[in-house]
Every structure is written in structure tokens, then in C-alpha cells.
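Asks:
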Amino acid sequence: MVEEGAKSLPMELSEKRGVENNGFVQNEAFDDKETETSSQEETPKTCNVDVDAAAAEELALKPYAGMPKEVLLKFSSQARYRVTREILFWLIIVAAVVLVCATITIIALSPKCLDWWQASPIYQIYPRSFKDSDMDGNGDLKGIQEKLDHITYLNIKTIWITAFYKSPLKDLGHGAEDFYDIDPMFGSMSDFENLLAAVHDRGLKVIMDLIPNHTSDKHRWFQLSRNRTGKYTDYYIWQDCGEAAGSVTPPNNWVSVFGNSSWQFDDVRKQCYFHQFGKEQPDLNFRNLAVQQEIRDIIKFWLNKGVDGFSFSAVKFLLEATHLRDEPQVNKSQNSDTITAYSQLYHDYTTTQVGMHDIIRSFRQTMNQFSREPGRYRFMGSDGDEKEDIEATMMYYGTTFIQEADFPFNFNLINMKNLSGNSIFEAVNLWMKNMPTGKWPNWAVGSPNAARISSRIGKEYINVINMLLLTLPGTPVTYYGEEIGMENIVSENVSAERVNSDPVLVTFPEKSPMQWDGKVNAGFTEGNSSWLPVNSDYQSVNVEIQMAWSNSTLNLYRELTSLRNNELPIHRGWMCYIWNDSDVFVYVRELDGLDRVFMMVLNFGQESTIDLQAIVPSLPSEAIIRLSTNFSDAGKAVNTKLIKTEMGEGLVLEYKTTKPVHTMQAFQGKCFVAEKACYSSAFNLLYMNC
Numbered sequence: 001m002v003e004e005g006a007k008s009l010p011m012e013l014s015e016k017r018g019v020e021n022n023g024f025v026q027n028e029a030f031d032d033k034e035t036e037t038s039s040q041e042e043t044p045k046t047c048n049v050d051v052d053a054a055a056a057e058e059l060a061l062k063p064y065a066g067m068p069k070e071v072l073l074k075f076s077s078q079a080r081y082r083v084t085r086e087i088l089f090w091l092i093i094v095a096a097v098v099l100v101c102a103t104i105t106i107i108a109l110s111p112k113c114l115d116w117w118q119a120s121p122i123y124q125i126y127p128r129s130f131k132d133s134d135m136d137g138n139g140d141l142k143g144i145q146e147k148l149d150h151i152t153y154l155n156i157k158t159i160w161i162t163a164f165y166k167s168p169l170k171d172l173g174h175g176a177e178d179f180y181d182i183d184p185m186f187g188s189m190s191d192f193e194n195l196l197a198a199v200h201d202r203g204l205k206v207i208m209d210l211i212p213n214h215t216s217d218k219h220r221w222f223q224l225s226r227n228r229t230g231k232y233t234d235y236y237i238w239q240d241c242g243e244a245a246g247s248v249t250p251p252n253n254w255v256s257v258f259g260n261s262s263w264q265f266d267d268v269r270k271q272c273y274f275h276q277f278g279k280e281q282p283d284l285n286f287r288n289l290a291v292q293q294e295i296r297d298i299i300k301f302w303l304n305k306g307v308d309g310f311s312f313s314a315v316k317f318l319l320e321a322t323h324l325r326d327e328p329q330v331n332k333s334q335n336s337d338t339i340t341a342y343s344q345l346y347h348d349y350t351t352t353q354v355g356m357h358d359i360i361r362s363f364r365q366t367m368n369q370f371s372r373e374p375g376r377y378r379f380m381g382s383d384g385d386e387k388e389d390i391e392a393t394m395m396y397y398g399t400t401f402i403q404e405a406d407f408p409f410n411f412n413l414i415n416m417k418n419l420s421g422n423s424i425f426e427a428v429n430l431w432m433k434n435m436p437t438g439k440w441p442n443w444a445v446g447s448p449n450a451a452r453i454s455s456r457i458g459k460e461y462i463n464v465i466n467m468l469l470l471t472l473p474g475t476p477v478t479y480y481g482e483e484i485g486m487e488n489i490v491s492e493n494v495s496a497e498r499v500n501s502d503p504v505l506v507t508f509p510e511k512s513p514m515q516w517d518g519k520v521n522a523g524f525t526e527g528n529s530s531w532l533p534v535n536s537d538y539q540s541v542n543v544e545i546q547m548a549w550s551n552s553t554l555n556l557y558r559e560l561t562s563l564r565n566n567e568l569p570i571h572r573g574w575m576c577y578i579w580n581d582s583d584v585f586v587y588v589r590e591l592d593g594l595d596r597v598f599m600m601v602l603n604f605g606q607e608s609t610i611d612l613q614a615i616v617p618s619l620p621s622e623a624i625i626r627l628s629t630n631f632s633d634a635g636k637a638v639n640t641k642l643i644k645t646e647m648g649e650g651l652v653l654e655y656k657t658t659k660p661v662h663t664m665q666a667f668q669g670k671c672f673v674a675e676k677a678c679y680s681s682a683f684n685l686l687y688m689n690c
């Protein structure tokens, strides 16, 4: 009866306790007897309870750590787990989409990052005068490597080394005997490779010179050409010329840059070859495609070595007119037989000929093959130097669709005939107003072919010129020694014997050895003498002493490079002309979205007082002197209604405003920006569309 009840009910709960288990029962008979006795007793009462099977299973089963997949799947389909999972899934999808869209938006709106040749000043080194490592009196590549710490101390990341190819050193090495080798005076190819590795290890870049227009007459190509050997026969420009009684009649009146006829008779070939410079520097024939390929191969050779860029010099001379007509005289009444100077002719047929820019663009295309690797863009500069024709110079930038030089080097500040606030403004404005839209400017105040700043315009202006150089928009170029205010050596004190009887050397007093310290030979060499004498002021004008002197030209230069590198308005912002007169030149540097503005007040004349608030009404009544040519004035507040500057004094003023000058109607046409960018203070980033 109990068994039938148990079968008929889903579950029975006994009201009577179960039989106690007394452990192991040894006597089987006793067990059977007890069973019979218990069966005769009262049958236990049972209570029936209805329980759902699924609910019972759920009550018995709960999630636990390490559950198998079969158990996990039983819970995953439940609503509370499924909904939570789906919400998390879609939140992740939405977040990923938002992140991708934000990334695309930031990339699309972000301005182009400044490349390495834009971000840092360029430091130009004349290697023979920088540092001598082997005590022979001539600077060399190892010497440059020894002094790389000086470059980093200046906050500069790009060095430009002038020509060091193997050369007879006529015209100081501008005519190469071998474009694939180093002149022994400067070291070996191994020395150059070591220098390049050391430069790159410091995160620096190297630009080198290349003068493709001509070679030395010692070059193998010329020796083969004068003997009419194979393809080299027409590697140079040869023409028949008359010769009678030892006198040569040139094909025309063309004159070399150095004076006298640009044609030289060759006894071997019995013809005249053309040279735009010295007779030892015959011009290559760039109408010969094989010559163009030779130069492209030279470019590839050095780029494969790891060089970061080239400065192409004398490129306007690459082609000459094939008709060989006489060039027009400047003074038409002058007797043509007396013309011997380069300045006496208009050089319509020997410079900037049709096709010349195509050749330069082919150089650019070759360099672009090496610029595909991220972070390894190869810079190309050109030496336009068209003093009278600014439009011709701007053509070296290329066009919107055809790239040429990254910039032609700008010598406007060197070529000024006099110094004043107005002349500085005119030199700056001439470049900025003619520069093609979107291109990048550059500025140089010294070069191997110009008198040093201190000698050209006066040592009292060296600091203010450096302040101008390092606060203008674009890439500044500093010639070695200008950071300490070096001066020319006195030419008449340079004897022919001292310079190995080469009279051309006395004409370059701006190439005197770098002044490192107050020791003998200014620390340039440990030898007995240097190739040119050290300037007599080296004990007071040198790197070592100026590093220790807080108010020195060197430390001001370093502060200016730091300001340029760290302040966005000066690094890549707008420049607006505020004021210029015979004494001062005033301009601002500002960036859209940034309320901090820098105003430069630079004195290139006599003592001056100016009311800047009258010129810019929104100007705050006070500004802080961020930097001054007088270091003790830094940090002081000045009244903008009464800004006083002494001769050669420069001020970098800092103030805050919500009305930038470049947005004011009164200054339209007086403001320029190359790589436009806007600052977002909310996100601390730059964007393009202001």
C-alpha cells in the first residue's frame, strides 16, 4: 500500500523517522526478523506536495565558478543575462565607431606637422674652419664630430656642411675633382660615415652642398672630354675659337663671374671650353642627357649613404643659349673691347635659360625616391640668388602641382645696402609678399661669401639681428660663429705665405677659424698654426667664455632658439607688421585660438620711443618682457604706450588678448602665415579649419 502510494504521488515526505543505521549487521537472520516485525507496525503517514519539475531543477542549480559549458548555456538564454550582454555588446560597437570617427576627424582637421627642415634652425659649417682634429691647421670631418655637442647646446637639429669633395681647392673647393670621394684635407669616406652615424644618433640631420654646374679641370670626365673619348666628348661645352700669334678670339663676348672672357682655349682639343667661373672650372653640358644622369647618380650615391638633403648651388648657370649671340651691354656706349667685368653685361643668354627648371625638378624627383620612408624626407634647397629679380627666385619653389626646391635660400637680409628699421622691413616684406601661397620662408644673415654681421653692420647689432632671425616665420640659417658674434679677420694681415701662396684666400676674411676658447689658436687646432689666422679678439669672443657669461651673445642665441622651438605662435603662427620707421621694426607672432601673443620691438637705428597702443588700440596697457638683448630686463613689465629702445636693442614682449592683430581690418594685407594652424585649448591640439 505504501509502495502504491509512493508510485502515485510525485513526492512523499515521511512523518516518522527512518530506521536508524546501526552500522554493519553481522547476523542476517536477525535482520530478516526485524524486518518482519517492523512491517506489522503502523504504516507511516505520508504528505503529498505538488512541485514543478523545472522549478525544482532551478532551485537545485545555481551559477558557480568553473561551471561547464552545458551549465553555462542554461543561464545564457535567460533574459537578465541576455539583455545585459546585448547592451554591453552594442556599447562596445558604438564606442568603437565613435573612436574611429573621432580619429578620422582629428586626422582630417589636423594641420600638416612641420618637417625637420622647418622645425629647426640650420647651422651652416665651413668645414676647413670649424675644428681641426689632426693638428694640420685645417678643419676636418672628425673635428665636426668632436663638436656636435655644441650644436645640441644651441637647440639646433640640422647642420649644413659646405663642399668637401675631392678638389684642387681652387675657389675653395667649388670645382670637384671627384664627386664620389672626400678631399684628404677633410678626412676619408670612413670619417664621413662615422660623422653621419654620430649625427643621426643625436637625432640631428645633415645637409651637404652640391654644385652641379661645373667640375674641376682635373676631373676624369674633363680629361676624357678634351681627348674626345667616347660619350665624354660632349660632356662639356666646346666651341671653335680663333687663334693667331698666340692670341685667342672667343666665340662671343660672354664674361665669367670672376671677370674676363668665359672661354678658355685648350691645347689638347684645340677648341675653347666654356666656364662661368674660374678657368679651372669648366661648365658641364647639361643639354647632354648623359650629364644629367651622371648628376642624378651622384645624388643617389650620397642619399644612399644617409645624407638628409642637398643645397644645390649655382643652378641658374646650368644652361646657356645655343645660339651664342653676344650678351647686351649695360652701357651701350662702352667700347665692347673693354668689357671685362661681369657687371658690364646683362646675362640674358647664360643664366636661367628655358629648361633649367626642368633639370632641377628631375633632381627633386630623384630625391623623392628616397623620401618614401616615414621620417626620412630628403630636403632640397637651391641657391637662386636673383638679387634684382624676386620673381625669378620664387620660381625655385616650383608650382602647386610640380615640386622643386623646398625653398631657395634667402639672402635679402645679407644684401641690404644700409641698415634701418625701414630697410629690414623692406627686406622681409619683399620675400613674404612674393612667396607663393603655402610655401615656407627662410632667412640667412651670414654666409661663407659675405662679411660677418659684426663687420658688415656693427657689433652693436649682432644680438638684435639674431633676435630678428630667430623670431621671423620660417627656417633661420646661422653661419658658424655668428652665435658668438665673430668678426672678419683683417685681410691685410693675411700673408700669401701663410695661406700657401693662394691669393684667393685673402679675399675671404669671414672664413677665419671658429673661436672655441681662449687658448692658443682659440681651441681650433692643437697644431702650431691654422690655415687662416684666428681673429685677435678670440680671448674675449669665444664659446667657452660666453657659456659662463649669462648676458652673452651665445646665451641669448640659445634662449631665442628655445623660445622658437617651444612657443607655437613663433614656431608656426601668423606674422603681422605693426610699425616700421628709420629706427625700429615691430611685428607680432600669434596663433588662432591662443590668447598669448609675442611682439618683437627691434631697434636698428638710434634711440627710439614708440606708443604701441596708438597703433594697436586693443593692446593691453602692459606687456611682459619675455626676452631682451639686455638680459636683466627679462620678466619686467613695460607700458605699451611708452616703449623705449636703445640703439641695437631688441625686446620680445608677451601679452594676452582676445583680439589678435591678424583679424583686425586695419592690418589686412600686413599679415602672413605659411603653415596655418589653430589651437584648441579644450583638447590641447592643433586643427586647420578655424
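Going by the UniProt record's numbering, the residue at position 197 of the sequence shown is 197; the numbering climbs one at a time, nothing skipped.
Yeah, the Cβ is synthetic: ideal placement off N, Cα and C, and Gly gets one too.
1) Under the assumption that THR657 contacts ARG564 (Cβ atoms under 8 Å), give the Cβ distance between them as a whole number of angstroms.
2) Could you check which residue in THR475, GLU483, PRO473 and SER423 has the C-alpha nearest to that of TYR466?
3) Are the stretch 213–228 and the stretch 274–288 touching, with three or more C-beta to C-beta distances below 8 Å?
4) For ALA548, which three-state DSSP category applies?
5) Could you have a look at CYS101 and say whether DSSP puts it in helix, strand or coil?
6) Which ranges does the beta strand (DSSP E) cover as unbroken runs of at least 3 residues, wholly within the stretch 229–258, from first to last along the chain?
7) From the DSSP output, read off the bridge partner residues of HIS347.
8) Excluding the 5 residues preceding and the 5 following ILE489 in the sequence, name in chain order all residues of the same chain whose CB lies nearer than 7 Å to its CB.
9) From LYS670 to CYS576, what does the alpha carbon distance come to, in whole angstroms?
10) When the Cα atoms are used, what is the spatial distance from ALA176 to TYR587?
11) What are the residues that DSSP puts in a beta bridge with GLU622?
12) Does SER681 pass the burial test, meaning 16 or more other C-beta atoms within 10 Å, or should it be called exposed?
13) Is the CB-CB distance between MET185 and ASN138 below 8 Å?
14) So for ALA444, helix, strand or coil by DSSP?
15) Have a look at the DSSP bridge pairing and note the partners of HIS214.
16) Exposed or buried, which one is PRO408 when buried takes at least 16 other CB atoms within 10 Å?
17) What's the gap between the Cα of TYR236 and the Cα of THR437?
18) Can you tell me which of the three DSSP states PRO168 falls into?
19) Could you give the distance in angstroms between the alpha-carbon of VAL464 and the alpha-carbon of SER420?
20) So which of LEU602, ILE295, TYR687 and GLU607 has the shortest CA-CA distance to VAL652?
21) Among residues of its own chain, excluding the 5 on either side of ASP383, which ones have a beta-carbon nearer than 6 Å to its beta-carbon?
22) Would you call residue 704 buried or exposed, if buried means 16 or more other Cβ atoms sit within 10 Å of its Cβ?
23) What do you get for TYR679, buried or exposed, if any count of 16 or more other CB atoms within 10 angstroms of its CB means buried?
24) Candidates ASN304, MET394, LEU686 and ARG202: which alpha carbon is nearest LYS316's?
25) Quick one, are the C-beta atoms of LEU154 and THR553 less than 8 Å apart?
26) Using the DSSP secondary-structure output, state which residues sit across from THR158 in a beta bridge.
27) Going by C-alpha distance, which of ASP181, PRO68, LEU195 and LEU114 is nearest LEU148?
28) Can you give me the C-alpha to C-alpha distance between PRO127 and LYS142, rounded to a whole angstrom?
29) Assign SER562 to one of three DSSP states: helix, strand, or coil.
30) Between ASN521, ALA95 and PHE585, which lies nearest to PHE425 when the distance is taken from Cα to Cα?
31) Could you give the residue range of the beta strand (DSSP E) that holds SER178?
32) Just to check my reading of the structure: LEU109 and MET688 have Cβ atoms closer than 8 Å, yes? What is that Cβ distance to the nearest angstrom?
33) According to DSSP, is SER362 helix, strand or coil?
34) Taking all protein chains shown into account, do 16 or more other C-beta atoms lie within 10 angstroms of the C-beta of PHE401, making it buried, or fewer, making it exposed?
35) Taking 8 Å as the cut-off, decide whether the C-beta atoms of GLN327 and ASP297 are in contact.
36) Checking 8 Å against the spacing of the C-beta atoms, do ASN449 and VAL477 come in under that value?
Replies: For this structure:
1) Not really, about 21 Å apart at Cβ, beyond 8 Å.
2) First, the residue type needs correcting, since residue 466 is Asn and not Tyr in the sequence shown. Nearest of THR475, GLU483, PRO473 and SER423 to ASN466, Cα basis: GLU483.
3) yes
4) helix
5) helix
6) Uninterrupted beta strand (DSSP E) stretches at least 3 residues long and entirely within the stretch 229–258 occur at 242–244 and 247–249, given in chain order.
7) Beta-bridge pairing links HIS347 to no other residue.
8) PRO509, SER512, LEU532, PRO533 and ASN535
9) 5 Å
10) 44 Å
11) ASN639
12) Burial call: exposed.
13) Closer than 8 Å, so yes.
14) strand
15) ASP283.
16) buried
17) 38 Å
18) In the displayed model, PRO168 falls within coil according to three-state DSSP, outside both helix and strand.
19) 12 Å
20) LEU602
21) SER313 and PHE409
22) Summary: the structure shown does not reach residue 704, with the chain confined to residues 1 through 690, and so no result is reported for it.
23) buried
24) MET394
25) no
26) ILE122 and LYS205
27) LEU195
28) 10 Å
29) helix
30) PHE585
31) Sequence inspection shows Asp at residue 178; the Ser mentioned does not correspond to that position. From DSSP, the beta strand (DSSP E) with ASP178 extends over 178–182.
32) Confirmed, Cβ separation roughly 6 Å.
33) helix
34) A residue is called buried when at least 16 other Cβ atoms come within 10 angstroms of its Cβ; PHE401 does not meet this threshold and is exposed.
35) For the sequence presented, residue 327 should be read as Glu rather than Gln. No, the Cβ-Cβ distance between GLU327 and ASP297 is not below 8 Å.
36) no
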